[in-house]
Ligand code: ADP
Ligand code: ZN
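The structure is reproduced here in structure tokens:
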């Protein structure tokens, strides 16, 4: 790539009479007009650098401006330079417009997601490497010894990588270079990612898997839009099966995107891909270093990257030739982005597939109600995998009625569950205790005066995190040391923990089973993807007996020796007033219990619940998925909830309560009348204050066929304008109602 043109202003060339509209990646909806310098050829999609206020920004030519206003011509600025990167294809530009229009986000904000290339525009620096060439130095220190040990293979190591690995400063390296022990050389440039080999290790499929794989392969062989719902129970081999679609797309030389709800958890997945295809896929997520990000972006845009595995933001990358999308765990809430542009990556992936006229596979053991309805109506092609691979049985599930068989006061593991864990541990199998609550206890109070510890700027209790010795707000991150004295009544050592978190469960498990090895898996205890991956490996290798985890453990891992799952509080997600509460609970519990008995033995799941007669618990215990969907679909249809009706939330927030409430009321008062649309509220949000901002919500509900985005746009254009610290967020198809 010729990078010499980058960032050079075009002041030496004279400007021509052509004008283009350029979309800049900032929170603006409209494109700006710029003059095209004479001698520069620009087409829609070209990536350019333009002056914006005092800055130069990377932006994209959106359209030719055929009739520029001649009076404005002299006031327009010139495009500074055309950048030497592949243009954004029409497919992606259409997606940006579509997503912006649908979600009511500024187009520039959506564009920004496609241009997240980090340092891309800086010419790639030459990286320096070090190599061991000479004799050990006169003076040996531990730091020097560590470094020399790492370099003892005689190969060239990245200089900063070597320093990091040895835990030494760059100065230690420089010292050894001066003494002639090490030499510095430039690193060779990175090679393009190697191609996956579709025939590397094709599996032996069961007849059921074979026919599903064949359907998906045929789907991937066509250049046509089609949504397949790969609907297979946990452990049925969905991944192996959709790999056949990936193999077909790779054979055809087209790019594949595999979306995952949480990329931090996909270490096992990358290895699995490598076992099937001989190489790892390219990763895309927020924890990539800027350099890797830039390199991956470039190789995706150049068509060198064959398969990309990424979190939701990977959907907006500029693929040169995308031929297939897979959305794994399509029902997962993590696909919804709730800051910046509010979009649902699964839904927008279907939109992208439609625009690009390519197939898309949605995979899940517990499809979203939306996808289930689409499959029932024949809009999606259902590809079923009804049984586990290798003849493994689905886990047997039992409810433990906490009203009758509850644990002793102040404890959370009931006697029947404790007995089951005891047996599992004796058999040297693993047990998982699942509780979706981080920390030690969700509430701390003073036994003397009743004072409860709350966040000062959020409407939330502080969560006791014993491990870190702090009380923490889960909404804003505020934390304080756990005091020894009540700040209210000054009583000493009077604080009591109320309710369980995973840390407290670990304490209880350790007391009940002193010989068992326990491990807590919770996002707040994990400092990096690497530690996460190594902890998961420890579990997979059987070096832990009892795992205590939040929903982090529910997703996508194979723990071969895990046969028992105990859900400590099965009712936890049911009572939060969210229209999807039942669906979420069903999915989460099904998924977490589905971790049991995947490879050997019989899996068993226990649900500790106060309401064993609840339809969700009954469906789980009876392993009757259809019953759950039937009831849920019927209720949604009756209440006109998605997918039978549409929802949008408007969230108004301000630094004080009257301002927020006043604005929300004014907004509600000017909602256009439309008999197909209901505007509910404003009501104080369930989380009434976050980070010192007071919040009010309006819920807009419409029939299915209504263009809700259009309605909202008209309404907001005519409504009051936000100013000062007032903020209005629009959330179309909301997933969170807090
Ligand atoms: P799911 O995603 O449906 O829960 P997985 O794809 O994780 O299931 O498969 C479950 C386990 O069975 C994995 O360890 C996988 O490698 C194994 N497996 C599935 N199908 C096959 C096959 N045809 N041959 C060998 N192993 C398989
Ligand atoms: Zn807070």
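Numbering (the numbering used here), first residue to last: 1 to 738.
C-beta: ideal position from N, C-alpha, C; glycine also.
Measuring straight from C-alpha to C-alpha, what distance separates residue 701 and residue 20? Those two C-alpha atoms are separated by around 40 Å.
Member of 17, 56, 61, 46 whose CA lies at the smallest distance from the CA of residue 30: Comparing Cα positions, the closest option is 61.
Looking at C-alpha atoms only, which residue of 321, 143, 178 is the closest neighbour of residue 300? Among 321, 143, 178, the Cα nearest to that of residue 300 is on 321.
I need the residues with a C-beta less than 6 Å from some heavy atom of ligand 2; please give them in chain order. Those residues whose C-beta sits under 6 Å from the nearest heavy atom of ligand 2 are, from N- to C-terminal order along the chain, 455, 457, 458, 460, 473, 475, 476, 478.
Are the CB atoms of residue 134 and residue 185 within a distance shorter than 8 Å? With contacts defined by Cβ atoms closer than 8 Å, residue 185 and residue 134 do not form a contacting pair.
Is the beta carbon of residue 236 within less than 7 Å of some heavy atom of ligand 1? When distances are taken from the beta-carbon of residue 236 to the heavy atoms of ligand 1, the shortest one is below 7 Å.
Which residues does DSSP pair with residue 684 in a beta bridge? In the DSSP output, where bridge partners are listed per residue, residue 684 has 696.
Return helix, strand or coil for residue 740, following the three-state DSSP convention. The displayed coordinates of the chain run from 1 to 738. Any statement about residue 740 would go beyond what the structure contains.
Could you check whether the region 301-314 touches the region 220-237, counting it as contact only if at least three pairs of C-beta atoms, one from each stretch, sit closer than 8 Å? The region 301-314 vs the region 220-237: no contact.
Since residue 434 sits in a beta bridge, which residues does DSSP pair it with? In the DSSP output, where bridge partners are listed per residue, residue 434 has 549, 567.
Cβ neighbour criterion (16 or more within 10 Å) applied to residue 123: Unreliable placement is indicated for residue 123, whose pLDDT of 44 sits below 50; the coordinate value is still reported in the next sentence. With a 10 Å radius around the Cβ and a threshold of 16 neighbouring Cβ atoms, residue 123 comes out exposed.
For residue 444, which residues does DSSP report across the bridge? According to DSSP, residue 444 shares a beta bridge with 497.
Considering only their Cβ atoms, is the gap separating residue 48 from residue 756 smaller than 8 Å? Here the chain comprises residues numbered 1 to 738, so residue 756 is not present and cannot be evaluated.
Less than 8 Å separating the beta-carbons of residue 682 and residue 657? Remark: C-beta atoms of residue 682 and residue 657 do not approach each other more closely than 8 Å.
Could you tell me whether the region 196-215 touches the region 575-594, using the rule of 3 or more Cβ pairs below 8 Å? Under the three-pair Cβ rule at 8 Å, the region 196-215 does not count as touching the region 575-594.
The alpha helix (DSSP H) that contains residue 90, what's its start and end? 90-103 is the span of the alpha helix (DSSP H), which, as asked, contains residue 90.
Between the CA atoms of residue 137 and residue 179 - distance to the nearest angstrom: Roughly 7 Å separates the two Cα atoms.
Residue 386 and residue 437: beta carbons closer than 8 Å? Not closer than 8 Å, so no.
Have a look at 504, 35, 260, 393 and flag the residue whose alpha-carbon is nearest the alpha-carbon of residue 67. Of the candidates 504, 35, 260, 393, the one whose C-alpha sits nearest the C-alpha of residue 67 is 35.
Beta-ladder partner(s) of residue 608, from DSSP: Looking at the DSSP assignment, residue 608 forms a beta bridge with 400.
Using 8 Å as the cut-off, can you tell me whether the region 709-722 makes contact with the region 671-680, which would need three or more C-beta pairs spanning the two stretches below that distance? Two segments are said to touch when three or more pairs of C-beta atoms, one from each, lie closer than 8 Å; by this definition the region 709-722 touches the region 671-680.
Span of the beta strand (DSSP E) around residue 520: DSSP places residue 520 in the uninterrupted beta strand (DSSP E) bounded by 518-521.
Roughly how many angstroms separate the alpha carbons of residue 620 and residue 353, rounded to a whole number? Near 34 Å, if we compare the C-alpha coordinates of residue 353 and residue 620.
Ligand 1 and residue 204: does the residue's C-beta get closer than 7 Å to at least one heavy atom of that ligand? In this structure, residue 204 has its beta carbon less than 7 Å from a heavy atom of ligand 1.
In the region 704-735, which residue ranges form an unbroken alpha helix (DSSP H) of at least 4 residues, counting only runs that do not cross its ends? The region 704-735 contains these whole alpha helix (DSSP H) runs: 708-718.
Would you mind working out which of 718, 667, 705 sits nearest residue 699, comparing C-alpha positions? The shortest Cα separation from residue 699 among 718, 667, 705 belongs to 667.
Quick one: what's got a C-beta closer than 7 Å to residue 508's C-beta in the same chain, skipping five residues either side? Cβ contact annotation for residue 508 (same chain, cutoff 7 Å, sequence separation greater than five): 411, 412, 413, in chain order.
Report the rounded CA-to-CA distance for residue 431 versus residue 559, giving the unit in angstroms. A direct Cα-Cα distance of roughly 10 Å separates residue 431 from residue 559.
Beta-carbon proximity check, residue 77 vs residue 44, cutoff 8 Å: By the CB criterion at 8 Å, residue 77 and residue 44 fall outside the cutoff.
Would the beta-carbon of residue 598 be found less than 7 Å away from any heavy atom of ligand 1? Relative to the non-hydrogen atoms of ligand 1, the Cβ of residue 598 comes within a distance shorter than 7 Å of at least one.
For residue 490, report the span of its alpha helix (DSSP H) as first-last. Neither: residue 490 is in no alpha helix (DSSP H) and is coded neither H nor E.
Hey, quick one: how far does the beta strand (DSSP E) through residue 226 stretch, first residue to last? It spans 226-232 - the beta strand (DSSP E) in which residue 226 sits, taken as one unbroken run.
Taking residue 514 as the reference, give the member of 469, 524, 545, 490 with the closest Cα. Closest by alpha carbon: 545.
Could you work out which residue in 736, 534, 422 is closest to residue 576 when comparing CA atoms only? Looking at the Cα atoms, 736 is the closest of the given residues.
Assuming residue 727 contacts residue 458 under a Cβ cut-off of 8 Å, what Cβ separation, rounded to an integer in Å, is found between them? Contact annotation, residue 727 with residue 458: C-beta distance approximately 16 Å; criterion of less than 8 Å not satisfied.
Three or more C-beta pairs under 8 Å: does that hold for the region 527-540 against the region 470-490? With the rule of 3 Cβ pairs closer than 8 Å, the region 527-540 does not count as touching the region 470-490.
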